[in-house]
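Asker: Here it is, the structure in full.
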Amino acid sequence: MPGRHRVSSDGPWEDRIGFSRAVRVDDHVWISGTTGTRPDGTVPDGVEAQTRLALGTIEHALREVGSSCEEAVRVRVFVTDIKEWQAIGALLAERFSRAKPAMTIVQVARLIDPDHRVEIEVEAVIGSAD
0 MPGRHRVSSD GPWEDRIGFS RAVRVDDHVW ISGTTGTRPD GTVPDGVEAQ
50 TRLALGTIEH ALREVGSSCE EAVRVRVFVT DIKEWQAIGA LLAERFSRAK
100 PAMTIVQVAR LIDPDHRVEI EVEAVIGSAD
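This is the structure in structure tokens:
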């Protein structure tokens, strides 16, 4: 797959801001910050529901470029309430415990939509799974 391959999740923010959900160049994959936002723009209540939705969107994007969570090498998680890290962390462990990527979880004052409670970025290297 030479060149740049882009993936869209048809989320409401992609065209408004001008970004791709995922970009693959050679064997490197970058997943944009992903929130728990449905394609129609609605956001479920609760950090667990938002985290599950965001991780599902991320997994789909990884598959679209020929990768998976097992090839994740870096994960960044932005939360609006650090007290919720354990609930978020448990869901991250379900997806990334095999890869054990480098990971950061930080609290931020706010995300782009005031209803968002978590945003996740992932970087992967195709062919790096154990």
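If you use numbering that gives the first Met the number 0, the sequence shown corresponds to residues 0 to 129, in order.
C-beta atoms are modelled at their ideal positions from N, C-alpha and C, and glycine is treated no differently.
#1: Ignoring anything shorter than 3 residues, give me the beta strand (DSSP E) runs that lie fully in the stretch 28-97, in order along the chain.
#2: Going straight from the alpha carbon of R165 to that of G32, what length do you get?
#3: Just to confirm, is the Cβ distance from V143 to F77 under 8 Å?
#4: Assuming G21 contacts A60 under a Cβ cut-off of 8 Å, what Cβ separation, rounded to an integer in Å, is found between them?
#5: Whole angstroms is fine: what's the gap from L90's alpha carbon to I111's?
#6: What's the C-alpha gap between G126 and I57?
Answerer: Looking at the coordinates:
#1: 71-78
#2: Within the shown structure, residues of the chain are numbered from 0 to 129, placing residue 165 beyond reach of any answer.
#3: Any property of residue 143 remains undetermined from this structure, which presents the chain solely from 0 to 129.
#4: In the sequence on display, residue 21 carries Ala and not Gly. The Cβ separation is near 4 Å, so the contact holds.
#5: 22 Å
#6: Inter-residue distance for G126 and I57 is about 18 Å (C-alpha atoms, whole angstroms).
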